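Number of protein chains: 4
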Amino acid sequence: MNVHSCKLRDGMKRTAKRDDIIKASLDLIAEHGFHGAPIALIAEKAGVGAGTIYRYFDSKDVLIAELYRELEEEIVSTLQEGCQEEKSVRDRYIFMCRKLLEYLITHPLNFRFMEQYFNSPYGISLRRDKIIGKRDERNAFERLFEEGISRQVLKDLPVYVLAALTFSPIVSLVRDHTLGLINLDGDVIAKSIDACWDGIKR
Amino acid sequence: MNVHSCKLRDGMKRTAKRDDIIKASLDLIAEHGFHGAPIALIAEKAGVGAGTIYRYFDSKDVLIAELYRELEEEIVSTLQEGCQEEKSVRDRYIFMCRKLLEYLITHPLNFRFMEQYFNSPYGISLRRDKIIGKRDERNAFERLFEEGISRQVLKDLPVYVLAALTFSPIVSLVRDHTLGLINLDGDVIAKSIDACWDGIKR
Amino acid sequence: MNVHSCKLRDGMKRTAKRDDIIKASLDLIAEHGFHGAPIALIAEKAGVGAGTIYRYFDSKDVLIAELYRELEEEIVSTLQEGCQEEKSVRDRYIFMCRKLLEYLITHPLNFRFMEQYFNSPYGISLRRDKIIGKRDERNAFERLFEEGISRQVLKDLPVYVLAALTFSPIVSLVRDHTLGLINLDGDVIAKSIDACWDGIKR
Amino acid sequence: MNVHSCKLRDGMKRTAKRDDIIKASLDLIAEHGFHGAPIALIAEKAGVGAGTIYRYFDSKDVLIAELYRELEEEIVSTLQEGCQEEKSVRDRYIFMCRKLLEYLITHPLNFRFMEQYFNSPYGISLRRDKIIGKRDERNAFERLFEEGISRQVLKDLPVYVLAALTFSPIVSLVRDHTLGLINLDGDVIAKSIDACWDGIKR
DNA sequence: GATGAATGAGCGTTCATTCAT
DNA sequence: CATGAATGAACGCTCATTCAT
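This is the structure:
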């Protein structure tokens, strides 16, 4: 009941509404694509008026871009945590792949949104910035690839080839799993990741 | 001058117009996405009236689905031709991968359309019908995978995993190449395909 | 029933619909201002669908600009006809003023639209092109003013001052008349025009 | 600390805020038109909350109407001051015209707002209340016109005609001057006012 | 059969107004 | 009393689809 708690409540309420909108957008876009997520529906699902959305986001494009940015941040930080630098390149690769796969499988909405995003006009300008693609901000995977190449543990291929040999199969499997076309159990997952390693190791 | 010949002429005329419509749709969607391909523009580019399109396709969705089906047919038949059954599993794998890669790179419009299609509401219902996914109509790759597994040349993994380890990296590399982000020369292509083989071979 | 009449009918039909839209816009804007003329209302009053308007005009702005252009053309050509060049400057001035006044009074919708147009963002860029303002396309009044100045019949004032002394009072009187605030009979009209002449004559 | 002084303080505070709102509205509307003056922007510019505006004005329309009324009051009182009743009708006419012109030129925001106001739905219901139009509250100009008519110095025309011959040219010239289309120097101003006099004098 | 003018539902967005705090 | 977040009706505009010719 004091000023501090009031501020907290205000802050939370404002954030809560913004998050409702973000969440509703994620749900609708993940499930029905961009066409299936008109502002009116997002507003309804978020329990707000349509105009309210424009208090938090300048436009639908901005809303989607921010949603993407939040998800990207989450996934990047997830990948970076818990990796033990003292382990071998292979162990770290397996660890990170497993983590990525687990994240994608346990966050199917996030995954399906990212898929939609990358293959839409919204994401075209961000294509280069995909998980592995950024030149000026190497992520964990990319650093690992480079270390592996220089240690002569990995094939001497461009990093983007190693990335394609890693992420694409994982994403493809998760997609089919998420759509219910296949069922990824722990055994298949482990073997699939091992196979990825076989593909890139020297 | 009889009914039959009349039908033939009509049929040919209809087919020619139909193909114009299909081609115009392919061009526009590949280049500008679904948003950049309204029916009126497709009609104009195809040199037909907008209403005419509805004589050949029940709806825009059907038009797009048929376009997809035609492209799929073409790519499947391309992959199947010229493969020498007497060669080793590895040789046939390399041969077919190279063919697929060459096809995708030399048919960027087809490739870009397929990409758009898979990541849109249009493609969701057809996801199961992807190149390798059909249960009731095994294609060349799938047969090769099964042969390789039974000969103990390939890892004992579900076919869809072998498919993911093969097609996804190829598609990913072609995408980046088509978008101009990378440049796939013959050396990188050969090494990439070899790496795919390393991933699936026992 | 021949081809020619068919073409005529088509042409007329297309023109008729366009004219319906123009007329509905004129009526609504003249009576209720730009705010009182949303596209939906214009469409309803014109007896067409809202989308139809965009077959004839790229945007609402373009529709309004074309409406203005048509009215301007009509009024300019009205002013130019029947003026006898051999008469005195005064006679021609009186004649043209009377014609302008009569036109405005007998076309109150046109008049009210022009009033709205000039005092709106639409008309700002056309301000210089008002009846008397164009430098590169002198109209009848402007030519008359210049002749009168050089003949030393009119005061040696900038043309825009003579224009202001002529058009503004006329427009003002017509406005009040059109709004029903005053009633301009023939006698008042004649005397008012004479007074304008007294204002500009040397 | 009594109720009265409280009311006074409140009253002053309210008036100050009210004036801020009025001023912000004037600035925005004069500069950007009615479309460029949403309530939120007026509130921001006035340094008050959007809801606060509705404590002082029932609606945006009322706000604008009151703004108009204040400007009208100011201009009317400006015109009335300093006029020496003992001078001739002509001298007083020239004096008041010059004052009006000077006021309009030195108060371009007021002028531009009034212009916007008269040619908008807001102003239609107030048309009769224009500077010279009120029957029940004769202003200085109107009294001067009537005096001039009865003294047979001015033409025997309805007062509204004399008004049109006076105000309209002045307003028109000021508008073009304010818009930068022309430049009114002292000489042109003097001659223009003389011309107005020539128009109305007997 | 072929046409393309016409349609109107649906889109993203704005903004005068309200009301809980 | 003052606030500004929230609202939702209304806007200009698009485009898949229909249908009279």
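Chains as they are written, first to last, in the numbering used here: chain D, 1 to 202; chain P, 203 to 404; chain L, 405 to 606; chain E, 607 to 808.
The beta-carbon is built from N, C-alpha and C at its ideal position, and this holds for glycine as well.
Since we're looking at a predicted model, the values are computed, not measured.
Exercise for the section: On a CA-only basis, which of D/Phe-113, D/Ile-182 and D/Arg-202 is nearest D/Arg-151? Give me that one, please. Expected result: Counting from one through the first sequence, the residue named residue 151 of chain D turns up at place 151. Nearest of D/Phe-113, D/Ile-182 and D/Arg-202 to D/Arg-151, Cα basis: D/Arg-202.
Handout entry: Cβ shell of L/Tyr-526 (< 6 Å), same chain only, five flanking positions each side left out
Key = In the third sequence, the residue the question calls residue 526 of chain L occupies position 122. Hits under 6 Å: Ile-468.
Problem - Coarse secondary structure for E/Lys-807, derived from DSSP in three states - result: In the fourth sequence, the residue the question calls residue 807 of chain E occupies position 201. Here E/Lys-807 sits in strand by DSSP.
Problem - Which residues DSSP lists as bridging D/Leu-157, in chain order - result: Here the question's residue 157 of chain D lines up with position 157 in the first sequence. Answer by DSSP bridge pairing: none, since D/Leu-157 is not bridged.
Handout entry: Given E/His-783 as reference, the closest of L/Val-565, L/Asp-591 and L/Tyr-497 once Cα atoms are compared
Key = Counted from its first residue, the fourth sequence places residue 783 of chain E at position 177. Out of L/Val-565, L/Asp-591 and L/Tyr-497, L/Val-565 has the C-alpha closest to the C-alpha of E/His-783.
Practice task
Quick one: residues in its chain with C-beta nearer than 7 Å to the C-beta of D/Arg-18, no 5 flanking neighbours on either side, listed in chain order?
Solution key: Reading the first sequence from its first residue, position 18 is the one you call residue 18 of chain D. Around D/Arg-18: Tyr-56.
Handout entry: Spatially closest choice to E/Thr-684 from E/Leu-673, E/Arg-704 and E/Asp-697, by CA coordinates
Key = For the purposes of this step, residue 684 of chain E is taken as the residue at position 78 of the fourth sequence. In this structure, E/Arg-704 is the residue among E/Leu-673, E/Arg-704 and E/Asp-697 with its C-alpha nearest to the C-alpha of E/Thr-684.
Problem - P/Arg-300, DSSP secondary structure in three states - result: To locate residue 300 of chain P, count along the second sequence from 1; it is residue 98. Reduced to three states, the DSSP call for P/Arg-300 is helix.
Exercise for the section: For P/Lys-225, decide whether its Cβ has a neighbour in chain D, counting only Cβ atoms nearer than 8 Å. Expected result: As a position in the second sequence, residue 225 of chain P is number 23, starting the count at 1. With 8 Å as the cut-off, P/Lys-225 does not count as an interface residue toward chain D.
Exercise for the section: Could you give the DSSP three-state label for L/Pro-442: helix, strand or coil? Expected result: Within the third sequence, numbered from 1, the residue matching residue 442 of chain L stands at position 38. In the structure shown, L/Pro-442 adopts coil according to DSSP, grouped into three states.
Practice task
Give me the Cα-Cα distance between P/Val-291 and D/Arg-112, rounded to the nearest whole angstrom.
Solution key: Here residue 291 of chain P refers to the residue found at position 89 of the second sequence. Here residue 112 of chain D refers to the residue found at position 112 of the first sequence. CA-CA distance, P/Val-291 to D/Arg-112, rounds to 35 Å.
Practice task
Check the Cβ of D/Asp-176 against every Cβ in chain P and list those closer than 7 Å, keeping chain order.
Solution key: By one-based count along the first sequence, residue 176 of chain D stands at place 176. Going along chain P in sequence order, the residues near D/Asp-176 (Cβ under 7 Å) are Tyr-362.
Problem - Cβ of D/Val-62 within 8 Å of any chain P Cβ - result: Residue 62 of chain D sits at position 62 when you count from the first residue of the first sequence. Judged by the 8 Å Cβ criterion, D/Val-62 is not in contact with chain P.
Exercise for the section: Within its chain, find whatever has a CB closer than 7 Å to the CB of E/Trp-803; leave out the 5 residues flanking it on each side and keep chain order. Expected result: The count along the fourth sequence starts at 1 and reaches residue 803 of chain E at position 197. Cβ contact annotation for E/Trp-803 (same chain, cutoff 7 Å, sequence separation greater than five): Arg-696, Tyr-699 and Ile-700, in chain order.
Exercise for the section: Could you name the residues of chain D that P/Ala-397 contacts, counting a contact when the two beta carbons are closer than 8 Å? Expected result: Locating residue 397 of chain P in the second sequence gives position 195, counting from the first residue. In chain order: Lys-155, Leu-157, Val-161, Leu-165, Gly-199 and Ile-200.
Practice task
Count the other C-beta atoms from every protein chain shown that fall within 10 angstroms of the C-beta of P/Gln-318, then say buried if there are 16 or more, exposed otherwise.
Solution key: Counting from 1 along the second sequence, the entry for residue 318 of chain P is found at position 116. That one is buried.
Exercise for the section: Return the first residue and the last residue of the alpha helix (DSSP H) that P/Pro-268 is part of. Expected result: Taking the second sequence and counting its residues from 1, the one referred to as residue 268 of chain P is at position 66. It should be noted that the sequence gives Glu, not Pro, for residue 268 of chain P. From DSSP, the alpha helix (DSSP H) with P/Glu-268 extends over 262–282.
Exercise for the section: Classify E/Pro-644 as buried or exposed, calling it buried when 16 or more other Cβ atoms lie within 10 Å of its own Cβ. Expected result: By 1-based counting over the fourth sequence, the position of residue 644 of chain E is 38. With fewer than 16 other Cβ atoms within 10 Å, it is exposed.
Handout entry: Own chain partners of D/Val-76 with C-beta closer than 7 Å, once the 5 adjacent residues on each side are dropped
Key = The count along the first sequence starts at 1 and reaches residue 76 of chain D at position 76. Cβ within range, chain order: Asn-139.
Handout entry: Contact set between L/Lys-595 and chain E, taken where Cβ atoms lie within less than 8 Å
Key = The sequence position of residue 595 of chain L within the third sequence is 191, counting from 1. Neighbours of L/Lys-595 in chain E, taken as residues whose beta carbon is under 8 Å from its own, are Lys-761, Leu-763 and Val-767 in chain order.
Exercise for the section: Using alpha carbons as the reference points, say which of P/Tyr-256, P/Ile-402 and P/Leu-228 lies closest to P/Glu-274. Expected result: In the second sequence, counting from the first residue as 1, residue 274 of chain P sits at position 72. Closest option to P/Glu-274, Cα to Cα, is P/Leu-228.
Practice task
Compute the distance between the beta-carbons of P/Leu-302 and D/Pro-169, then report whether it is under 8 Å.
Solution key: For this step, residue 302 of chain P is matched to residue 100 along the second sequence. For this step, residue 169 of chain D is matched to residue 169 along the first sequence. Their beta carbons are not under 8 Å apart, which means P/Leu-302 does not touch D/Pro-169 by this criterion.
Problem - beta-carbon P/Asp-396 near the ligand ADP non-hydrogen atom, thresh 7 Å - result: The model depicted lacks the ligand ADP and carries no ligand whatsoever.
Problem - Whole-Å CB distance - E/Met-760 paired with E/Ile-788, under 8 Å assumed - result: Stepping through the fourth sequence from its first residue, residue 760 of chain E is reached at position 154. Stepping through the fourth sequence from its first residue, residue 788 of chain E is reached at position 182. At residue 760 of chain E the sequence reads Leu, which differs from the Met that was named. Contact doesn't hold; Cβ gap of about 28 Å is too wide.
Exercise for the section: Taking only the alpha-carbon atoms, compute the straight-line gap between L/Arg-539 and E/Met-702 and give it to the nearest angstrom. Expected result: Your numbering for residue 539 of chain L matches position 135 in the third sequence. Your numbering for residue 702 of chain E matches position 96 in the fourth sequence. Because L/Arg-539 sits at a pLDDT of 46, beneath the cut-off of 50, its placement in the model cannot be relied upon, and the following sentence gives the value as read from the coordinates. Roughly 33 Å separates the two Cα atoms.
Handout entry: Rounded C-alpha distance that separates E/Lys-666 from E/Ile-648
Key = The sequence position of residue 666 of chain E within the fourth sequence is 60, counting from 1. The sequence position of residue 648 of chain E within the fourth sequence is 42, counting from 1. When the Cα atoms are used, E/Lys-666 and E/Ile-648 turn out to be separated by approximately 10 Å.
Exercise for the section: Give a yes or no on whether the C-beta atoms belonging to P/Val-376 and P/Leu-306 are separated by under 8 Å. Expected result: Position 174 of the second sequence, counting from 1, holds the residue named residue 376 of chain P. Position 104 of the second sequence, counting from 1, holds the residue named residue 306 of chain P. Cβ atoms of P/Val-376 and P/Leu-306: closer than 8 Å.
Exercise for the section: Grab me the residues of P/Ile-351's own chain with a C-beta within less than 7 Å of its C-beta, minus the 5 sequence neighbours each way, in chain order. Expected result: Position 149 of the second sequence, counting from 1, holds the residue named residue 351 of chain P. So the qualifying residues of the chain are Asp-358.
Handout entry: Spatially closest choice to L/Lys-491 from L/Leu-548, L/Arg-473, L/Phe-571 and L/Phe-438, by CA coordinates
Key = Counting from 1 along the third sequence, the entry for residue 491 of chain L is found at position 87. Nearest to L/Lys-491 by C-alpha distance, out of L/Leu-548, L/Arg-473, L/Phe-571 and L/Phe-438, is L/Leu-548.
Practice task
Return helix, strand or coil for L/Gly-552, following the three-state DSSP convention.
Solution key: The residue given as residue 552 of chain L occupies position 148 in the third sequence. L/Gly-552: helix per DSSP, three-state reduction.
Handout entry: Min CB distance D/Ile-182 to chain P below 8 Å
Key = Mapped onto the first sequence, residue 182 of chain D falls at position 182. In terms of beta-carbon proximity, D/Ile-182 lines the interface with chain P, with at least one pair separated by less than 8 Å.
Practice task
Identify, in the order they occur along the chain, each residue of the same chain with its Cβ nearer than 7 Å to the Cβ of P/Leu-381, setting aside the five sequence neighbours on each side.
Solution key: Taking the first residue of the second sequence as position 1, residue 381 of chain P is located at position 179. Closer than 7 Å at Cβ, skipping near neighbours: no residue.
Handout entry: Amino acids of chain D, ordered along the chain, whose beta-carbon sits closer than 8 Å to that of P/Gln-318
Key = If you number the second sequence from 1, residue 318 of chain P lands on position 116. The answer, in chain order, is Asn-119.
Practice task
Would you list, in chain order, the members of the segment 24–50 of chain D that have their beta-carbon closer than 8 Å to a beta-carbon of chain P?
Solution key: Of all residues in the segment 24–50 of chain D, only His-32, Gly-33, His-35 and Gly-36 place a beta-carbon less than 8 Å from a beta-carbon of chain P.
Exercise for the section: Could you check the C-alpha separation between P/Ala-248 and D/Ala-40 for me, to the nearest Å? Expected result: As a first step, residue 248 of chain P is located in the second sequence; it is residue number 46 there, counting from the start. As a first step, residue 40 of chain D is located in the first sequence; it is residue number 40 there, counting from the start. Taking the straight line from one Cα to the other gives about 35 Å.
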